[in-house]
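Read through the structure below, which is laid out as structure tokens, and then see the notes.
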Amino acid sequence: MEKVTRFSVSMEPRLLRAFDRRLGKVGYDSRSRAIADIVRSYLVDEQWQDAGAQVVGTVTIVYDHHDRDIEQRLTEFQHTHHDAIACTTHVHLDHHDCLEVIVVRGKAAKVRALADQIITAPGVKHGRLVCTAASGQLHD
Ligand code: NI
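Every number in our numbering is 405 more than the matching position in the sequence shown, counting from 1.
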């Protein structure tokens, strides 16, 4: 990590108290570390807004494995888009449901579109895209 730069931040006392309460709950030992993480998160969000930026993320979905169509459709979809899908982890949650975590990477617009297609596929009960970035883009 490079040398740190000190700067001062001004904010309303009520906002700062709420921030400090939150930091205590989640376990940050300093405001500096929390603010640095918030800035990184902001930069990752900005990166994902740039359609051509290289991004990485995960799509987590839950579906009923008794629906044979969905397993086949998901597998075909992942083969079709193998360039953007790095790997998939499958968990048999219970008698009915499967959970899959699909690691996706590529240009932001394409990755977001793939995630939308997976999450909205018939048979998917719940899905969410988590957007992150490689460490070189996190300014550590
Ligand atoms: Ni399963």
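Beta carbons: idealized from backbone N, C-alpha and C, even for Gly. These figures come from a predicted structure and were not determined experimentally.
Legend entry - Rounded straight-line distance, which links the Cα of E481 to that of H487: 10 Å
Inset, instruction - Look at A489 and V516 and say whether their C-beta atoms are less than 8 Å apart. - result: yes
Inset, instruction - Please confirm whether L498 and V467 have their CB atoms less than 8 Å apart. - result: yes
Inset, instruction - Return the first residue and the last residue of the alpha helix (DSSP H) that A538 is part of. - result: No alpha helix (DSSP H) holds A538; DSSP gives it neither H nor E.
Legend entry - Where the beta strand (DSSP E) through L504 begins and ends: 502-512
Legend entry - One or two residues paired with H531 in a DSSP bridge: V467
Inset, instruction - Just mark I523 as buried or exposed, buried being the case when its beta carbon has 16 or more other beta carbons within 10 Å. - result: buried
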